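Contents: one structure, followed by commentary.
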Amino acid sequence: MTLRVRLALAIGIAAIPLVLCAAWLRRTIETRTFDDAMREYAFATMDAGGRERCEADPTRFQIDGISPRPPGPPRRPPNGPIPRRDPRPTDGMDGGPDRPFGPSKPERESIGAAGRGTRLFAYRADFTSANEKAPPLPSELLASLRSGEESASMAWRVEERDGRRVALKTSWTDGPCAFLLVERLMPETPGGARAFTLATTALVVGLLLAVLLSAGPLVRRIRRLTGDVTKSAASRYAAPVPESGRDEIGRLARAFNEAGQEVKGHIERLEARERTLREFVSNTTHDVAIPLTVLQGHLTAVREAHEAGRPLDETEVRGAVEESHYIACLLQNLTSVAKLEASADALERRQVDLRALLERVISRHKPVARGASIALEHSIPAEPLLVTGDVTLLEQAISNVVHNAIRYNHPGGHVAAVLSIAARDPRSFELHVVDDGPGIPPDELPHVLERAFRGRDARTRAPHGAGLGLHIADDVMRRHGFAMAFNRPETGGLEVTFSGPVV
């Protein structure tokens, strides 16, 4: 269902209560106006001599006429007698003492059996009438008058014709005309009903036309916005949606652009993760295959010696252990690379105790150092030393440096890891990892942090290394706001220093 059809249906549905309310309001206004006219008629009739006639002959007082203001004698002068009217013919309004005050016989016949016209009756203070022809006061009107109201009205129906009854309280409470009852049928006005119908129809049609005409530009803008959004989605939200206007449609276009940028960023992150996964699988396949082949060679030699009954070659066993440690370290490095390249938001920052972290790293590398005949020592402060960061990545970065210090050292060498509060700033820490190995030539120091860079000595001593360890360590430190520096001690070897703020 289109927007225009929905708007047309909404206007049509809204027009139903509107027309009903208009009809009710018209009926209410007509009824109140009619009741007010009947009250005015009653008081005008009584002021025009009706009261005098009612008090003079209450048993026959009844007004049954057509004129809203029936003829009668002039108002009685103050403190004067009721003037006598001139004699009228037998078909006049005043037929003599034997006839009630009202229209002549031909006029009453013209009113018809339905009682067209206006009738007025008078009642005493006890709500009874001296005229036997007067109808009893309806209970609804009687209850209102007894409650103290000055007047009351109600619907009245005679032979499928609608009329009104109005009961009034006069100021003559001690006479036969203390209360009045006026009855009159509602006039039949087919022209008025036709005019009302035409007016309401014109109103509804006008509303429909106004809504449909005003909805035209709105529908065209929405269709254009739909096409622009489709094109933007086809371009993977590279092309923004044109933002025209400052109304709701303009804000909708801006909202689409904001949502498109979020979706675009999400797609880019997914693609980056997919590339990282592909690179991780490729790197893992390539980098693990070589040391795994070397490990299989060592294990094959150990098995052949065992099957032949020869003593095991210590070199083969040590080589197998070293390769297994290297494979484990390589897989951890590849995992860290995937985590770092996926997103900077991947860091799970929380408080980390560097003292406990360093003890775990040293404990893990003790067997590796012992197998390589390297002495591994460490020193930590007495109190916990807390920093904020990702504990897994920080531990991997420090492990890479310690592992390199052991792997590229010579048998009988030494490696020491010293953690302390910085002497220059008590709000910072320093972690020194020092070895007495061959170190790194000065011309290679500026490049050791590059990914996949391996020095000449590293390629000679471990030809199948991946060159990821120091690069990962530096990347992790930079993401945490820490620093990583290299130094060549006078005694030889290499010193790697980590530093950064503490909590």
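All letters in the sequence shown, in the order written, are residues 422 to 924 by the numbering used here. Virtual Cβ for every residue (Gly too), placed ideally from N, Cα, C. Bear in mind the structure is a predicted one, so any value in this text is a computation, not a measurement.
Buried versus exposed, by CB contacts within 10 Å (16 or more), residue i
i	result
residue 450	exposed
residue 815	buried
residue 712	buried
residue 731	exposed
residue 924	exposed
residue 597	buried
residue 741	buried
residue 485	buried
residue 475	buried
residue 579	exposed
residue 435	exposed
residue 831	exposed
residue 660	exposed
residue 846	exposed
residue 817	buried
Per-residue DSSP class, three states only, for residue i
i	result
residue 434	helix
residue 788	helix
residue 908	strand
residue 544	strand
residue 840	strand
residue 572	strand
residue 554	coil
residue 799	strand
residue 423	coil
residue 770	coil
residue 859	coil
residue 922	strand
residue 593	coil
residue 687	helix
residue 454	helix
residue 485	strand
residue 713	helix
residue 853	strand
residue 609	coil
residue 539	strand
residue 578	strand
residue 733	coil
residue 743	helix
residue 917	strand
residue 727	helix
residue 719	helix
residue 835	strand
residue 677	helix
residue 865	coil
residue 903	coil
Cut-off 6 Å between Cβ atoms - residues of its own chain near residue i, not counting five sequence neighbours on either side
i	result
residue 426	none
residue 834	795, 857, 858
residue 901	810
residue 423	none
Proximal residues to residue i (C-beta, below 8 Å), its chain only, five neighbours per side dropped
i	result
residue 733	723, 726, 727
residue 429	629, 632, 633
residue 748	709, 712, 713, 716
residue 433	625, 629
residue 663	649, 674
residue 799	779, 780, 783, 837, 838, 839, 840
residue 583	576, 577, 606, 607
Start-to-end residues for the alpha helix (DSSP H) that takes in residue i
i	result
residue 892	890-900
residue 588	Here residue 588 belongs to no alpha helix (DSSP H); instead the beta strand (DSSP E) covers 582-590.
residue 656	Neither: residue 656 is in no alpha helix (DSSP H) and is coded neither H nor E.
residue 848	No alpha helix (DSSP H) contains residue 848, which DSSP labels as neither H nor E.
residue 473	472-477
Cβ neighbours of residue i in the same chain (closer than 7 Å, five flanking residues each side left out)
i	result
residue 563	548
residue 920	843, 849, 850, 851, 903, 904
residue 550	542, 543, 544
residue 787	797
residue 811	768, 769, 770
residue 657	685, 688
residue 792	739, 742, 743
Residue i - containing beta strand (DSSP E), residue span
i	result
residue 561	Note, residue 561: premise wrong, no beta strand (DSSP E); alpha helix (DSSP H) at 560-567.
residue 603	600-606
residue 809	807-810
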